[in-house]
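Notes to accompany the following structure.
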Ligand SMILES: Nc1ncnc2c1ncn2[C@@H]1O[C@H](COP(=O)(O)OP(=O)(O)OP(=O)(O)O)[C@@H](O)[C@H]1O
Ligand SMILES: Nc1ncnc2c1ncn2[C@@H]1O[C@H](COP(=O)(O)OP(=O)(O)OP(=O)(O)O)[C@@H](O)[C@H]1O
Ligand SMILES: [Mg+2]
Ligand SMILES: [Mg+2]
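Protein chains in written order, with this note's numbering: chain A, 38 to 356; chain B, 7 to 300; chain C, 187 to 694; chain D, 52 to 742.
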């Protein structure tokens, strides 16, 4: 197991390297320059020399390979550099936002699982009945309704009904659970709906598929109670693809809350990302993308471990 | 995403009828989509008002005969803009999904066919692309490419939406292609001494068509949603082009009391059309290949 | 009768985003002034009740020599920085040296405006003397700029970049906490040198990038004020929701939109085309219409309407593009285009991808030009590429903006002179006639004469139309009725030190 | 785990006990009708099926694929696919109770307790994520309310009973850790768990190799006799029926067409379909005729069956009444019933099947240069093998290991062996669909082993292939015509499309199809027809050599005969040479001139067809021949159960020395260490130290 983990972590390196190269190159094509923006964005009139001096200070005048090398050296030492906008360490900037985003992602995942498992199972077991149809509409609705619109509707609804909006300032849940939850439950609901839709569809289709398997017929032929057929024989097998979906979606939420954070005015990673992109804050964008990629890869690893835990074929190897 | 080998029979002429019979809901969605397409093609004749005309005398008017969905804060007809918005959504949605699926499909087929080292390296690259959340990738690409409007369509936006689609399609099509590659009829083609090009184009490509077409419809829905999200973020379509996401952007929500129609109708338009494309994609999948999972 | 100020309370207000860093000298954004400003003192500041007159802040009094070349300031005694160290003329000298000649690694965006300072002397710890190389009628305003935060000489000596990441001022409030992207907190500085000030116990800024979210927060009672602006539609919304719990202040803003033509790109090198496009814009109708949906409002010339040296309505109406008969104006515009041989002109309008007021302005302009048969692609860019495109001349026509913190024509007209003399001029136009007039404006101390020069300058600008004003913005500040002691000004960077602001006790 | 030893050799006494219960009926199915309501119409899968099973008796249900065998037994279990499948009519009386009238819960209580079922696919019938122990113990816990400890003890007992060694450890393992044969044993153990009265086995051995199949069947037979359990065995293998069944029901197109004792059915068949079935399979126990007798045509579509006798369209004995009126199932002897208007004629010898000639094939000139000579061929695959917890290693599969043979012009060389022995890999390597690791492939004198794909192109025209699976060997997106025409156009065999078209028509006719079928897509054809298209495609190249990789294994017996005959005809017509791969010994013997027997990537024995069958020299060849049941109950009763013990070793880890030594009854230390060389012996080539 230790060796396996070590190997998996080693195989992450090329992927991360690929992400690093790709994002680095992509950003260098972006037109505009943070220095111009910084000095002129609000109407300032710096001289050409001033602009150039600032570029030199930020290292933007160096040839690309030098910039890249510098960044790579930083990456290896887990130093993501400094934001070109605030000149604060990128890691520090990200750390300040990650908690919120992570919590929304986790809450959305929990909400999704709580909704999707029963719904998906129900609609699989009553396949093609009206229950199935109704659930299907609800779930496809989850895929269709843009979460930013849903978020807007939630806020507008709260304002309309109570002249109240969720608190704006993030407090960690262990400091003030009530304030924390009353802020984050709404965005979690807005994205959790979509997530649960994706998951419920996967649960449904994999249960439908599993219920067609020979071993389900075997279980029935043994006279196993129907609830055990579903609970013991079908669900565990059906959970395998669902675990993948949960992992994937969770990982995507870390960077994918961009729009929702905008709507709910959350100080999360997504908003930081959009701000960094629009400001051409290259080091920051690179840092965030690397963090997202790491989360993605680590989540994949966890999914694989969960798979192994659920699936003895992986745990004990094939014949 | 997993995929079983699609043994999809070709249904020709009466395919549509068979589809309608087997999948009435899907057919209804197809009807809705067709209506949407017609509306966007004939938008000029359908709309009661010019979607670009500002009328400061008619700001935030409630729905009426003249303005079926009311007017926005610039005095423009919301209904007309929703109808024209369908054009934007469909053109960008279909175009980017098409570009993404075709490129991804080709990459996937070629990968699946040749396998080996080529497949390995392309797969790693695809892994890299897949480790970006869609919206993140799209945001960066939008920022990277800027805008290039040709014939009213921002080609770079299309590319930005297509790029995240490419690796997804490539991955699914690759796995389909891998299993098709193992099919004896491909062996037969190899044993027949056909060229790689012939085998890929004549024997592989038509057989990955089912997953391809299913993914294509599903991604149209995603592309519409993504376009709306980007426009909402101010990174997509620009004013005064009528686009649903754009109609919700900026301070549209501020008018929730005075002019709720400003946010309700574009939101519904997005939801309904994405809904229709998804449901249609589902039905198509059930019809073409029930084992295919997206 | 005026209510008596009460002490205590924390003011919650919103600012659109974090200051990138804390260095006032290196910025030209109100975000820094509104969030960092209350921690600092300046030499002078604007007197909000008599704007644009100035009053002392650290300076107790001052005198200007008759030739206008020597400025002598007497400082308030007993001023201390928040770390307890005394503030003396040495600190002011260090600050101004940094402003006019920043050391390596330090950015001062005010280098040019202080270029006329020849030397700074500190005869005593409470006295400071600026010697100028030439008379400058704008100099006092310059000393009142809120960006000239006074830093500790000792700290600057240790590290000229000290103020970039640290806040050590002598203002009415002490820095407490800044959580990036979220909030910034200040607390009353008990040893503030003005007796009885500030009234507030402290303030807390919430950073809210989206206007809608800010309004929601205001409606939800989470913030009591936002000092930049809200839109006209928002006013209706807030009034509906909050009734008499909310109050508004309104003024023409010293900020405006400018349509700039790229004179290096044909056909915009042709004055007829430029003028035609300017004339096609119905500024009067735009003002009436757009004021209802955007923060655009006043029709004005190069100088903010209502400000000293601004053009009267009659004077304006005689300028091309400002006439009252739009039909005639458009006919003329078509004719000019036809003469220039570009009746079916098509081009892209580069605009900033910011909802207010750029987007409605863009939409409006596209519509205006459509009416004279010109097809315009509206190209909205994110701020960074936008700035880049406008500065580098990557555009046909751009919707540029001006933000006049200091309203003296010396500063405000600078952007209209030849591109080789003004880095702010995006049109790339070269016009020596304008340069000459401008030179005279900057040195002319006689108000009458100066006004005439400005009128001539303005006429030339409008006729040549390298870049022409579109509409001036309208500032509309919404705040809780309990927020008192705050005065409206035409610029959102003035009067934000919160020294005199207080919170009325909650009624009911 | 030698099964041969555990099985009781003398069966007489046990049988007597089993039959001692007299004439009471355990299961009686009466006039069962099962319909499936699908979107494409109603499939009448079972219509009016009736049969009875007595305690201790073994009933075999035989019939072609899709005739309703499985559905009828699933109906007994109450396990029809819902909601499409419905019992429309009929009674299923088990132990005095009508199962169709029971509530779901009562039916559940019977399943696994009184009636157990064993399915075809051992690989998928066990739940992959649950331990063997849980799966075996489940019925005990549910039906017998045992405690965990009791159930576990019983489970150990059961595993021992079905011949699994080290049962206690096995209980904690998962299905994927066992071979197919072991899984099927576990399925049997599960079936036996609660001492059921009846076991229904739906093709329990179809997915297994012959040697394993023999083990499993012996085990089942033995257990049912010893424990007095009645069995319904569903199969399409007549040999199995002959060896194990007491009584037989023959189904055709949703109906039982004949039923009686095994002897009656095999010796005195009274339905032309049953007759045809017996005659269309190649048999090991009879001298080889040149042509097989076949049942032409295809079974009817159950959505829309013919009005009269359902077999009439294919029946060589049909008379006018057959097409107009459906016959009833009538007695034709004691406990012997047939559904045929002409059963009396058959009995009286008035209706006779035309005998096909047995002309021997032309003698082959063995002296000429071989058309294909394979020398020292090795094809190895590198696979990554999971060993345990997340670790894997690179292992070599020696799929083909040092194989040499030659084929002469006009000869048919058969290649047999159990699954995984490398037959397909030999064929694919010869075709250069795989790259050989070592050795030479001389085709018409040219060594193909190292040619590039481009250089191979002209060779490919002369060497073609027919695949096993008719459903996946044709591109579903191309019409039949295009499939056959494409190679002609690409290789310039036909210059124009029109010419290709004409040739397509010709080939279609030659393989027994019709030119109009060129417009169709493969899915619009039956399995047999598809296989003919595959053959036509190969012919279109005008090749010298055709590699046939199990071309009939996936086909029903009746269709199988047709295709074998076709291949033989074509061979003569076009002067072809075949490398014919199969696992069915009878089929190989029927078609081949010479036969290679392979085991684990190596050649065990090569001999002329008749010599090989008459006196096999290699112990493996002998075991294969022994394991294959022949469709004759009398002969089968005379044969001793001589199933080969043990499992086929993993090719990843083949035994040292002689690869067969782990299962060889003759193996000694020498065999375990030294790889036997192939040597000539009495006209055979044998790789055995003991031969
Ligand atoms: N779930 C189902 N839905 C529709 N038709 C079905 C279903 N299950 C079986 N059938 C049809 O019922 C008929 C009988 O099927 P059955 O499985 O009993 O055949 P079989 O004799 O067991 O064949 P095989 O030898 O291939 O197992 C077939 O025509 C089949 O297509
Ligand atoms: N491409 C491959 N990669 C790895 N192993 C392979 C490959 N092809 C075949 N093998 C292995 O080689 C061995 C021989 O396989 P092959 O298909 O030739 O057997 P076969 O005799 O045709 O069996 P069957 O009767 O099941 O068709 C098997 O163990 C198989 O798992
Ligand atoms: Mg069956
Ligand atoms: Mg094979």
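Even glycine gets a Cβ: it sits at the ideal position worked out from N, Cα and C.
Point to revise | chain A residues whose Cβ lies nearer than 8 Å to that of residue 150 of chain B | key: Stepping through the second chain from its first residue, residue 150 of chain B is reached at position 144. Listed along chain A, the residues sitting closer than 8 Å to residue 150 of chain B by beta-carbon distance are 63, 64, 66, 67.
Review point. Looking only at DSSP bridge pairs, what is residue 306 of chain D linked to?
Key: Counting from one through the fourth chain, the residue named residue 306 of chain D turns up at place 255. For residue 306 of chain D, which the question treats as bridged, DSSP gives the partners D/303.
Point to revise | Contacting positions in the stretch 244-259 of chain A - beta carbon closer than 9 Å to chain D | key: 249, 250, 251, 252, 253, 254, 255, 256, 257, 258, 259
Point to revise | chain B contacts from the stretch 559-581 of chain D (Cβ-Cβ distance under 9 Å) | key: 572, 573, 574, 575
**Study point:** chain A within 7 Å of residue 291 of chain C, Cβ atoms only
**Key:** Within the third chain, numbered from 1, the residue matching residue 291 of chain C stands at position 105. Yes, because at least one Cβ of chain A sits closer than 7 Å to the Cβ of residue 291 of chain C.
Check your understanding: If you draw a straight line from the alpha carbon of residue 476 of chain C to that of residue 53 of chain B, how long is it in whole angstroms?
Key -> Counting from one through the third chain, the residue named residue 476 of chain C turns up at place 290. Counting from one through the second chain, the residue named residue 53 of chain B turns up at place 47. About 25 Å.
Check your understanding: Is the Cβ-Cβ distance between residue 251 of chain D and residue 168 of chain D less than 7 Å?
Key -> For the purposes of this step, residue 251 of chain D is identified with residue 200 of the fourth chain, where counting begins at 1. For the purposes of this step, residue 168 of chain D is identified with residue 117 of the fourth chain, where counting begins at 1. Yes, the Cβ-Cβ distance between residue 251 of chain D and residue 168 of chain D is below 7 Å.
Exercise for review: Assign residue 740 of chain D to one of three DSSP states: helix, strand, or coil.
Suggested key: Taking the fourth chain and counting its residues from 1, the one referred to as residue 740 of chain D is at position 689. The answer is coil: DSSP assigns residue 740 of chain D none of H, G, I, E or B.
Review point. Out of curiosity, what's the CA-to-CA distance linking residue 57 of chain B and residue 245 of chain B?
Key: Here residue 57 of chain B is taken as the residue at index 51 of the second chain, counted from 1. Here residue 245 of chain B is taken as the residue at index 239 of the second chain, counted from 1. For residue 57 of chain B and residue 245 of chain B, the gap between their C-alpha atoms comes out near 11 Å.
Exercise for review: Please list the residues of the stretch 590-615 of chain C that have a C-beta atom closer than 7 Å to any C-beta atom in chain A, keeping them in chain order.
Suggested key: 609, 610
Practice item. Tell me the start and end of each unbroken beta strand (DSSP E) in the stretch 217-265 of chain D that is at least 3 residues and wholly inside, in chain order. Key: 249-253
Exercise for review: Report yes if the C-beta of residue 121 of chain D is less than 6 Å from at least one heavy atom of ligand 3; otherwise report no.
Suggested key: To locate residue 121 of chain D, count along the fourth chain from 1; it is residue 70. Correct: residue 121 of chain D has its Cβ closer than 6 Å to ligand 3.
Point to revise | Which of helix, strand or coil DSSP assigns to residue 76 of chain A | key: Against the first chain, residue 76 of chain A aligns to sequence position 39. Note: residue 76 of chain A maps to helix in three-state DSSP.
Practice item. Run the CB neighbour count on residue 704 of chain D, radius 10 Å, all protein chains shown included, and call it buried at 16 or more, exposed below. Key: In the fourth chain, the residue the question calls residue 704 of chain D occupies position 653. Residue 704 of chain D comes out exposed.
Review point. Which of the residues in the stretch 229-257 of chain B, read from start to end, lie with their CB under 9 Å from any CB of chain C?
Key: 240, 241, 244, 245, 246, 247, 255, 256, 257
Check your understanding: Cβ of residue 56 of chain B less than 7 Å from any chain C Cβ?
Key -> As a first step, residue 56 of chain B must be located in the second chain, where it is residue number 50. Not closer than 7 Å to any Cβ of chain C, the Cβ of residue 56 of chain B fails to qualify, so no.
Point to revise | Per DSSP, cross-strand counterpart(s) of residue 388 of chain C | key: Within the third chain, residue 388 of chain C is the residue found at index 202, counting from 1. Under DSSP, residue 388 of chain C shares a beta bridge with C/196, C/373.
Point to revise | Near ligand 6: residue 474 of chain D beta-carbon under 6 Å from a heavy atom | key: Inclusion of ligand 6 in the displayed structure is not the case, the ligand content consisting of ligand 1, ligand 2, ligand 3 and ligand 4 alone.
Check your understanding: To the nearest whole angstrom, what separates the beta carbons of residue 600 of chain D and residue 475 of chain D, a pair I think is in contact under 8 Å?
Key -> What you label residue 600 of chain D is simply residue 549 of the fourth chain in a count that begins at 1. What you label residue 475 of chain D is simply residue 424 of the fourth chain in a count that begins at 1. So it is a contact: roughly 6 Å between Cβ atoms.
**Study point:** Per-residue burial, residue 284 of chain B [other beta carbons within 10 Å of its own, 16 or more giving buried]
**Key:** Position 278 of the second chain, counting from 1, holds the residue named residue 284 of chain B. With 16 or more other Cβ atoms within 10 Å, it is buried.
Exercise for review: Could you tell me whether any Cβ in chain A is nearer than 7 Å to the Cβ of residue 126 of chain B?
Suggested key: Indexing the second chain from 1 puts residue 126 of chain B at position 120. No - not a single Cβ of chain A is within 7 Å of the one on residue 126 of chain B.
Exercise for review: State the Cα-Cα distance for the pair residue 171 of chain A and residue 248 of chain A, rounded to the nearest angstrom.
Suggested key: Locating residue 171 of chain A in the first chain gives position 134, counting from the first residue. Locating residue 248 of chain A in the first chain gives position 211, counting from the first residue. Taking the straight line from one Cα to the other gives about 21 Å.
Check your understanding: So does residue 230 of chain D have its beta carbon nearer than 6 Å to some heavy atom of ligand 2?
Key -> Indexing the fourth chain from 1 puts residue 230 of chain D at position 179. Checking the 6 Å criterion, the Cβ of residue 230 of chain D is out of range of every heavy atom belonging to ligand 2.
Review point. Using DSSP with H/G/I as helix, E/B as strand and the rest coil, what is residue 416 of chain C?
Key: Here residue 416 of chain C is taken as the residue at index 230 of the third chain, counted from 1. The answer is coil: DSSP assigns residue 416 of chain C none of H, G, I, E or B.
Exercise for review: Return yes when the C-beta of residue 702 of chain D is under 6 Å from any heavy atom of ligand 2, and no when it is not.
Suggested key: Taking the fourth chain and counting its residues from 1, one reaches residue 702 of chain D at position 651. Yes, the Cβ of residue 702 of chain D comes within 6 Å of a heavy atom of ligand 2.
**Study point:** Cutoff 6 Å; reference residue 161 of chain D; Cβ partners in own chain excluding five residues on either side
**Key:** As a working mapping, residue 161 of chain D is identified with position 110 in the fourth chain. Within the same chain, residue 161 of chain D has no close Cβ partners at all.
Practice item. For residue 72 of chain D, name the three-state secondary structure that DSSP assigns. Key: Residue numbering aside, residue 72 of chain D sits at position 21 when the fourth chain is read from its first letter. Only weak support exists for where residue 72 of chain D lies, its pLDDT of 43 falling under 50; the value from the coordinates is given anyway. It is coil, neither helix nor strand.
Check your understanding: Between residue 385 of chain A and the rest of its own chain, which residues show a CB-CB distance below 8 Å, the 5 nearest in sequence each way excluded?
Key -> Since the displayed chain A opens at 38 and closes at 356, residue 385 of chain A lies outside it and no answer follows.
**Study point:** Chain-ordered residues of the stretch 222-249 of chain D with a beta carbon less than 9 Å from chain A
**Key:** 224, 225, 226, 227, 228, 229, 230, 238, 241, 242, 244, 245
Check your understanding: Whole-angstrom Cβ separation of residue 45 of chain A and residue 338 of chain A, contact assumed at under 8 Å?
Key -> Taking the first residue of the first chain as position 1, residue 45 of chain A is located at position 8. Taking the first residue of the first chain as position 1, residue 338 of chain A is located at position 301. Residue 45 of chain A to residue 338 of chain A, Cβ: 6 Å. Contact.
Exercise for review: Please list the partners that residue 55 of chain A has in chain B, where partner means a Cβ-to-Cβ separation under 7 Å.
Suggested key: Taking the first residue of the first chain as 1, we reach residue 55 of chain A at position 18. In chain order: 130, 131, 134.
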